[in-house]
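The numbering of the sequence shown is this note's numbering, which starts it at 2 and goes up by one.
No residue lacks a Cβ here, since even glycine has one placed at the ideal position from N, Cα and C.
Just so it is clear, the structure is predicted and the values come from calculations on it, not from any experiment.
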Amino acid sequence: VQVNGVFLEPFNPLAVAIALDASFVARAFAGHVEQTKEILKKAIAHKGYALVDILQPCVTFNKLNTYQWFKEHTCYLGDSYNCYNRNEAFKRATEKEKLPLGVFYINPEKKTFEENIGLYREDNRPLHQRKPDIGRLRNLVEAFKNMS
């Protein structure tokens with residue numbers, strides 16, 4: 002319990018995602034349905050991990066951050082904004098005066114999780130579609146037994 006109020010900075014998922022070089026990072030406001038829909042379409046179409054932070058007022062418990070408050074305290078990243086510049090993305094993600102909305106960062110060169118693990122290098126089918134190689138599994142189990 003923080004009897005003197007909350008003194009810690011709120012968690013910033015966008016800044017963390019950009020710092021970790023996530024390949025798609027965006028923020029939307031639920032009150033702007035069309036723009037949110039477009040951002041979600043881009044995130045779904047993106048190959049790899051996509052983080053979309055959606056600002057959504059809680060009309061029951063939060064009487065301060067209302068739909069009107071978000072409309073007054075948000076702005077869209079402009080057409081001239083370069084979403085491929087990681088440093089600029091981090092800077093914009095940490096702004097507090099007006100919360101920027103839009104696609105903050107895209108790294109098209111980042112490999113996906115599947116591309117980074119050996120299971121998919123030889124065969125890109127999902128595991129449930131592959132026939133297990135029992136002989137290979139037995140050899141693996143034997144190798145583990147012999148390690149001790």
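For Val26 versus Leu52, is the C-beta distance shorter than 7 Å? Within the sequence shown, numbered from 1, the residue matching residue 26 stands at position 25. Within the sequence shown, numbered from 1, the residue matching residue 52 stands at position 51. Less than 7 Å separates the beta-carbon of Val26 from that of Leu52.
Rounded Cβ spacing between Leu78 and Gly103 (contact assumed at less than 8 Å): In the sequence shown, residue 78 corresponds to position 77, counting from 1. In the sequence shown, residue 103 corresponds to position 102, counting from 1. Right, their Cβ atoms sit about 4 Å apart.
Between Phe105, Gly119, Lys132, Ala46, which lies nearest to Asp80 when the distance is taken from Cα to Cα? Residue mapping note: residue 80 aligns to position 79 of the sequence shown, counting from 1. For the residues Phe105, Gly119, Lys132, Ala46, the minimum Cα distance to Asp80 belongs to Phe105.
Could you tell me the distance, in whole angstroms, from the CA atom of Val4 to the CA atom of Arg93? Along the sequence shown, read from residue 1 onward, the residue named residue 4 stands at position 3. Along the sequence shown, read from residue 1 onward, the residue named residue 93 stands at position 92. Between Val4 and Arg93, the C-alpha separation is close to 32 Å.
Residues in its own chain within less than 8 Å of His47 by CB, not counting five upstream and five downstream? On the sequence shown, residue 47 is found 46 positions in, with the first residue counted as 1. Closer than 8 Å at the Cβ level, and outside the excluded window around His47, lie Ser24, Phe25, Ile107.
Taking Asn142 as part of the alpha helix (DSSP H), name the residues at either end of that continuous run. Residue 142 sits at position 141 when you count from the first residue of the sequence shown. Before going further, note that residue 142 is Val rather than Asn in the sequence given. Counting along the chain, the alpha helix (DSSP H) containing Val142 begins and ends at 135 to 146.
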